[in-house]
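In the numbering used here, the protein residues as written are 1005 to 1504. We treat Cβ as the ideally placed atom computed from N, Cα and C, and that holds for glycine.
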C-alpha cells in the first residue's frame, strides 16, 4: 500500500442477541486515504462504524490507531483519540449557532468565567476559512441547508483534532452542486493528511473519490479492492453475492385505461399541472430539487392544500380534503421521509404493517389478534422482509427492509394509485432491484404508480412516461425513446420564460 497505516482492524466480531453482525472483519485505512466501505443494508457497515466510533464494544478482535492499541469505551474517547463521525442525519442542536455547535460542551471562557463568544466565533471562522465558505459562525443551524449542516459537523470534528473522519452516506440529501463542494472539501482534507472512511451506496461517487473499497456481505469481509483495478459490476456482484443482470424489469406501458386524471392543478409551490395515469403504468416525475414534484403528489393526496384544479379518479371527479379521504379512495402516498413520516420506528414490524388496516382487523374497538398476525405475516412473506419475527422493532431493520414495510402497509389497503416518492433513496443496489421488480409486479396487477425520483437512471429504467417539473411548472412530457438523460435535463434546466 505504501502509505502509513492509521487505523488497523483485526478480526473484529460483534454478536447481538440471535445475530452475528460482524464475523472476523479486518480493515486497514492509510493516512490521507479516502477508503470506501460498501455492502447491502444489513451487511454490517453501521455496526463496524459504531465499534470504531465507540458506540459498541466488539466481542472479539483488536483495533490499532496510529500504531497503538485502540479500544474506546464510549464516543467521547473515540473523539479524543482523533476519530470523527458525520452521520447521514446530522446530530446538531438546531436552535444553537454554528459556533455553539462546533464548541458544544467546551465553549471558551473569559477570565471571569463568562462564555467568550467572540473567541468562539473567531475560532470557528478560522476553521471555516480552510474550506472557502462564507458560512456565518453566528448563524442558527436550523436556518442552514443540509449541506452546510454537514459542513458544521466536519468543522466540529476538525476542531477536536480529528485524524480519521467517517462519512456515512454524506451525499444522500445533497444536490449535485452540494455534492461537488463536498468532494472539494474531501480533497482538501486528504491534502492535510486526514483519512476518510466513506460509506455510500452510490458507487459512481466511490469510484470517483476513493482509492480502495472494502466490501462487506452478511457481516463478513468479502475483499478489499483498489478502485483502479475493479469496476462497478464486480463490486455489485461481490456485495450481493450474485450477478444482477437486470437492474430494471421490462416496461409494459399500462393497458390504456385511464385511472387518474389531473387538470390545471395549482398549489402553494406549483401551478397549472395536468397529467393522466393509466392502469398498470409507471409515470415518472423528474426535475431538480425544489421543482415541485413532491408538492404535486402531496396535494393530489390531500396532504397539502390545493388552490385550484380538478382531480378525476376512474372518471369520477373527486376532491381529497384530507389524506384520510385519499386513503378511503385507495390512493396512497409513500413518503420520501420514511423515518419521520412513513414509520413508527419504536413500534414493531407487525404494528407498522397493519396500521392502515385497523378497520378491517378490529371489532368493537378491539383488535382481532389472529387477523392482525395473519395480515402482517402475509406481507412479510410476500415482500421478503428480513426480520427476526413480527415483533422486531422497526428501528432495528435495514433501510431496504424498512422501505418494504412502508410499501406493505399501503398494499394492505389494496391501492388503485400509488405515489412513490424517492422509494429507493438510501438503500443498497440489491434492495433497489427487488423494489423495482416489485413495482412492476404491482403494475401487472393493474395498480397505477407515480414515481418521483432524483435518480435519472431509475426514472429512465422504470418509467413508461415522464413528466419533467421546472420551478413549479410542467416543463414537458416524455415517452418511449424520448426518455433520455439529455432530454430530461434539458427540460429541467430550461429558463422559466421558455416554458409554454
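Cross-strand partners of residue i (DSSP beta bridge)
i	result
residue 1017	1064
residue 1166	According to DSSP, residue 1166 bridges with nothing at all.
residue 1480	1472
residue 1316	1265 and 1321
residue 1221	1224
residue 1230	1216
residue 1012	1032 and 1068
residue 1088	1169
residue 1424	1338 and 1455
residue 1026	1018
Which of helix, strand or coil DSSP assigns to residue i
i	result
residue 1509	It is not possible to answer for residue 1509, since the shown part of the chain is limited to 1005 through 1504.
residue 1383	helix
residue 1449	coil
residue 1105	helix
residue 1073	strand
residue 1460	helix
residue 1368	coil
residue 1050	helix
residue 1203	strand
residue 1271	strand
residue 1099	coil
residue 1397	strand
residue 1307	coil
residue 1278	strand
residue 1287	strand
residue 1352	strand
residue 1144	strand
residue 1330	helix
Test item: CB-CB of residue i and residue j under 8 Å
i	j	result
residue 1455	residue 1286	yes
residue 1357	residue 1413	yes
residue 1425	residue 1340	yes
residue 1200	residue 1193	yes
residue 1271	residue 1308	yes
residue 1171	residue 1083	no
residue 1305	residue 1327	yes
residue 1169	residue 1071	no
residue 1179	residue 1209	no
residue 1282	residue 1314	no
residue 1377	residue 1349	no
residue 1023	residue 1013	no
residue 1099	residue 1160	no
residue 1048	residue 1245	no
residue 1213	residue 1353	no
residue 1051	residue 1018	yes
residue 1015	residue 1257	no
residue 1403	residue 1430	yes
residue 1422	residue 1439	no
residue 1032	residue 1009	yes
residue 1102	residue 1156	yes
residue 1489	residue 1464	yes
residue 1411	residue 1347	no
residue 959	residue 1211	For residue 959 there is no data in the structure shown, the boundaries of the chain being 1005 and 1504.
residue 1288	residue 1466	yes
residue 1236	residue 1207	yes
Pick from the options that is closest to residue i, judged by C-alpha positions
i	options	result
residue 1238	1389, 1038 and 1042	1042
residue 1344	1232, 1076, 1093 and 1058	1093
residue 1126	1115, 1106, 1117 and 1145	1106
residue 1122	1139, 1138, 1134 and 1104	1104
residue 1166	1057, 1187, 1240 and 1152	1057
residue 1416	1483, 1355 and 1431	1355
residue 1095	1038, 1153, 1213 and 1169	1153
residue 1418	1430, 1379 and 1439	1379
residue 1243	1205, 1268, 1147 and 1100	1205
residue 1279	1273, 1290 and 1265	1265
residue 1400	1366, 1361 and 1351	1351
residue 1196	1360, 1138, 1464 and 1035	1035
residue 1021	1268, 1302, 1392 and 1460	1392
residue 1299	1490, 1318, 1275 and 1184	1275
residue 1360	1441, 1386, 1333 and 1368	1333
residue 1330	1312, 1346, 1342 and 1303	1303
residue 1375	1368, 1155, 1362 and 1484	1362
residue 1320	1370, 1290 and 1267	1267
residue 1318	1420, 1383 and 1120	1420
Residue i at chain D interface by Cβ criterion, 8 Å
i	result
residue 1053	In the structure shown, chain D does not exist; there is a single protein chain.
Do the stretch 1290-1301 and the stretch 1457-1476 meet, that is, are 3 or more Cβ pairs less than 8 Å apart? A contact exists between the stretch 1290-1301 and the stretch 1457-1476.
Tell me, please, whether the stretch 1046-1066 touches the stretch 1075-1090 by the rule of three or more beta-carbon pairs shorter than 8 Å. Enough Cβ pairs lie closer than 8 Å, so yes.
Quick test of the definition: if touching needs 3 or more C-beta pairs under 8 Å, does the stretch 1419-1439 touch the stretch 1390-1409? Verdict: yes, contact present.
Just checking, does the stretch 1029-1046 make contact with the stretch 1202-1219 on the three C-beta pairs under 8 Å criterion? With the cut-off at 8 Å, the stretch 1029-1046 and the stretch 1202-1219 touch.
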